[in-house]
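For what it's worth, this note's numbering labels the leading residue of the sequence shown as 539, then goes sequentially.
Below: one structure, written as structure tokens.
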Amino acid sequence: MLSTTEPAQLCRSGGGLSWQILPDPPPSLPANLPTGLRGRLLTAADATALASLRRTVIERQLDSPDYYRLEAESPAFPASHLGPWGMGDQGLITGLFDAEQELIAYGALTLPAPGELSRADVLAIPPAEPDNLAYLASAMVRADWRGRGLHHCLIAWRQSLAQSLRRRHLLAAVWPGNHQSWGHLVAHGLPAKKLSPIGNGLTRLILHRDLEAPLPQPDPASRLLIPLDQLAAQEARFAAGYWLWRRIMATDGVFGVLARPRPEET
Ligand SMILES: CC(C)(COP(=O)(O)OP(=O)(O)OC[C@H]1O[C@@H](n2cnc3c(N)ncnc32)[C@H](O)[C@@H]1OP(=O)(O)O)[C@@H](O)C(=O)NCCC(=O)NCCS
């Protein structure tokens, strides 16, 4: 059975943590991180370390150049997400550090100002709620730290922060080929609801979760298994109301599960 009722919960960063972390980041995350790892919000003082990590990943550690496109970023990112104590003007960045205090992973959460242009339009989020959005904007884990659950941790952490900040609509935009990214986000309860052009000839899955609504469920009767290399060509199905719920890693390749949401959840 398809299930999205149990989002991955490696790193349990509860509401209490989030409240503490915003005004006064604690020295470490009270979570089951690998030994020696510590987490905190990045500040402006981390800008150089962040730029270096991003350069390393983008230049040498992407499976495909399409996984991460700098041209899809706002030129102000990441400086706009870093302040003297943590949060910047447009969002925040969670960071994970190894035992030598080197930044080895980060995840950004963009917090658009009320009325700011956003992908909420694509999803028809009620206009009364535009200031309730948060974007899981960008995340990277250095190659030697991958496969240990850190991305799942960064997603859960930012989800908890968004909740604490009363940003009920979580959004993310991911290239359809980057199944490592969308596969994890859908596991945290953010199905992809649209396939949308985002400019510069780029197409992205638009993922969404309303943190104040029950997790939606797929209608098993409409289930379709789509090979990864055909996912970017599913515009018509997304337009017809299909969502992407789950990644399946099979011996003959990677697949995405498309299905309509159960009727009561549309
Ligand atoms: C995409 C990316 C962030 C994933 O990071 P990662 O840290 O390797 O991801 P995780 O370790 O959390 O997950 C990888 C697997 O390890 C598993 N895993 C291994 N050890 C684990 C542990 N101790 N606890 C939980 N999960 C564990 C996870 O369950 C996961 O399996 P799944 O893919 O079937 O869910 C990373 O590959 C990356 O930086 N890519 C380049 C940049 C990029 O594309 N970013 C995303 C777009 S912004």
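Note that the Cβ used here is the ideal one computed from N, Cα and C, for glycine as well.
| request: Check threonine 573 in the structure and name its three-state DSSP category. | output: coil
| task | With a cut-off of 8 Å on the beta carbons, I'd call valine 795 and arginine 784 a contact; round off their distance for me. | result | 4 Å
| said: Bridge partners for alanine 710 per DSSP, in chain order? | reply: Leu745
| query | Do glycine 633 and leucine 580 have their CB atoms nearer than 7 Å? | reply | yes
| query | What first and last residue would you give for the alpha helix (DSSP H) that runs through phenylalanine 793? | reply | For phenylalanine 793, no alpha helix (DSSP H) segment is defined; the enclosing uninterrupted segment is the beta strand (DSSP E) at 791 to 797.
| said: Could you check if glycine 687 belongs to the surroundings of ligand 1, using beta carbon to heavy atom distance under 6 Å? | reply: Glycine 687: yes, Cβ under 6 Å from ligand 1.
| Can you list the beta strand (DSSP E) stretches of 3 or more residues lying completely in the region 581 to 613, in chain order? | none
| message | Using a Cβ-Cβ cutoff of less than 7 Å, which residues in the same chain neighbour tryptophan 683 once the five nearest sequence positions on both sides are dropped? | response | Ile642, Ala643
| For histidine 638, the nearest candidate out of Arg592, Gly645, Ala587 (CA to CA) | Here residue 638 is glutamate; the residue named in the question, histidine, does not match the sequence. Closest by alpha carbon: Ala587.
| task | Report the residue from Gly624, Val595, Leu769 whose alpha carbon sits nearest the alpha carbon of tryptophan 720. | result | Leu769
| field | tryptophan 713 burial status per 10 Å Cβ neighbour count (16 or more: buried) | value | buried
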